[in-house]
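**Student:** In my numbering, the protein residues as written are 97 to 191.
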């Protein structure tokens, strides 16, 4: 799911007079994650497999791993940290 769709889901909820909750944001992030994983899988398959894809995406993959390790090490991850991780994954899926 594209980021603008995530924000649109939140805006629609507000229009219905229901304030957006953390659960709403997490659900939207899960939807976006599913879409990115599908895109990455398709990209890896079209690149000739995982090894070819990993060699082509090396720097972006390392950046994502770094952000993911920081997220895992955080005592209390927050939405901002999840958003950064999602942005890095989005970069990985789109370039």
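A virtual CB, placed ideally from N, CA and C, is assigned to each residue, including glycine.
Remember, it's a predicted structure, so these values are computed and weren't measured experimentally.
#1: Can you give me the start and stop residues for the alpha helix (DSSP H) that residue 174 sits inside?
#2: Pick out the complete alpha helix (DSSP H) segments inside the stretch 110 to 158, 4 residues or longer, and give them in chain order.
#3: Under a three-way DSSP split, which group does residue 189 fall into?
#4: If residue 168 and residue 184 are in contact, beta carbons under 8 Å, what's the gap, nearest whole angstrom?
#5: Using the Cβ count rule (16 or more neighbours within 10 Å means buried), how would you classify residue 153?
**Tutor:** On the basis of the supplied data:
#1: For the purposes of this step, residue 174 is identified with residue 78 of the chain shown, where counting begins at 1. Counting along the chain, residue 174 falls outside any alpha helix (DSSP H), and DSSP gives it neither H nor E.
#2: 118 to 142 and 146 to 152
#3: For this step, residue 189 is matched to residue 93 along the chain shown. In this structure, residue 189 counts as helix in the three-state DSSP scheme.
#4: For the purposes of this step, residue 168 is identified with residue 72 of the chain shown, where counting begins at 1. For the purposes of this step, residue 184 is identified with residue 88 of the chain shown, where counting begins at 1. No, residue 168 and residue 184 are not in contact; Cβ-Cβ is about 14 Å, not under 8 Å.
#5: The residue given as residue 153 occupies position 57 in the chain shown. Buried, because 16 or more other Cβ atoms sit within 10 Å of the Cβ of residue 153.
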